[in-house]
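Asks:
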Amino acid sequence: MPESINLVPTHEKSQQQKEKLVKAGTIVSIILLVLTIGIAGYYFYSISRIKETSKTLDSDIEALRSDIKKLSDIEISGRNLYTKFLTLKLVFENRTSYSLLLDELQKRVPADVSIDSLTSAQPGELSISGNASNYLSIAKFINTLTDAKFSSAGKDLEKLFTDVKLNSVNLDLQTNSAKFFIVVSYNGKILIK
């Protein structure tokens with residue numbers, strides 16, 4: 056095979072190689088420029104989308120905060136209502152049925168004894184003043200109050216009255232009756248219904 060003879064001068068060869076390198080560098084630079092512009096565009100688009108999403112989420116958060124502020128009044132009202140409910144529940148669970156006390160007292164008063172005044176100065180005590188036909192009626196009244204086996208006693212009220220103290224007895228000569236003043240102690244726990 057014959058050897059080829061290159062008649063292109065070396066200077067021309069180096070010029071051609073430089074031109075090829077410049078062309079290749081230009082093409083690579085353009086490709087890199089296009090890639091950089093594409094990446095920059097993508098980032099710009101992504102950032103603008105993120106900002107839009109952020110603004111939307113911020114407005115949603117503000118709307119939710121205003122809804123929460125509106126609900127805070129309802130929450131306060133709910134808490135107050137719950138506190139009132141608990142108070143009423145406690146009152147109804149622990150209320151004393153004084154009507155049972157009065158009914159039981161009425162059952163135990165003999166026919167010849169009348170009560171003029173009934174007061175409760177402190178819890179668990181009643182002060183009773185009244186008239187009776189004689190001293191025996193007063194004694195019967197006192198015994199009836201403390202009788203745990205009283206036949207007409209209400210359900211679970213047999214031991215309602217725990218103690219009776221006779222403070223004074225006076226015989227009224229004009230009416231021939233006895234005036235009395237007694238202090239009756241009662242078990243208030245029985246009256247809680």
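For the sequence shown, counting from 1, position 184 maps to 239 in our numbering; every step adds exactly one.
Ideal placement from N, C-alpha and C gives every residue a C-beta, glycine not left out.
Source: prediction; values computed, not measured.
1) Would you say asparagine 189 faces chain D, with C-beta separation under 8 angstroms as the test?
2) Grab me the residues of aspartate 211's own chain with a C-beta within less than 8 angstroms of its C-beta, minus the 5 sequence neighbours each way, in chain order.
3) Would you identify the three-state DSSP class for asparagine 131, choosing helix, strand or coil?
4) If you draw a straight line from the alpha carbon of arginine 134 to that of threonine 142, how long is it in whole angstroms?
5) For asparagine 186, which three-state DSSP category applies?
6) Quick check on tyrosine 241: buried or exposed, where buried means 16 or more other Cβ atoms within 10 Å of its Cβ?
7) If I follow the unbroken alpha helix (DSSP H) through serine 154, where does it start and stop?
8) Reducing DSSP to helix, strand and coil, say where phenylalanine 140 ends up.
9) Identify the continuous beta strand (DSSP E) that holds phenylalanine 205 and give its terminal residues.
10) Among Lys124, Ile237 and Ser232, whose alpha-carbon lies nearest the alpha-carbon of glutamate 180?
Replies: If we stick to the structure as given:
1) Note that chain D does not occur in the displayed structure, where there is just one protein chain.
2) Close CB contacts of aspartate 211 within its chain, under the 8 angstroms cut and outside five residues either way in sequence, are with Ile245 (chain order).
3) According to the sequence as given, residue 131 is isoleucine; it is not asparagine. Of the three classes helix, strand and coil, the one that applies to isoleucine 131 here is helix, per DSSP.
4) If you draw a straight line from the Cα of arginine 134 to the Cα of threonine 142, it is about 12 angstroms long.
5) Three-state result, asparagine 186: strand.
6) Classified as buried, tyrosine 241 has 16 or more neighbouring CB atoms from the shown chains inside 10 Å of its CB.
7) It spans 153–163 - the alpha helix (DSSP H) in which serine 154 sits, taken as one unbroken run.
8) In the structure shown, phenylalanine 140 sits in a helix (DSSP, three-state: H, G or I).
9) Per DSSP, phenylalanine 205 belongs to no beta strand (DSSP E) and is neither H nor E.
10) The option with the nearest alpha carbon to glutamate 180 is Ile237.
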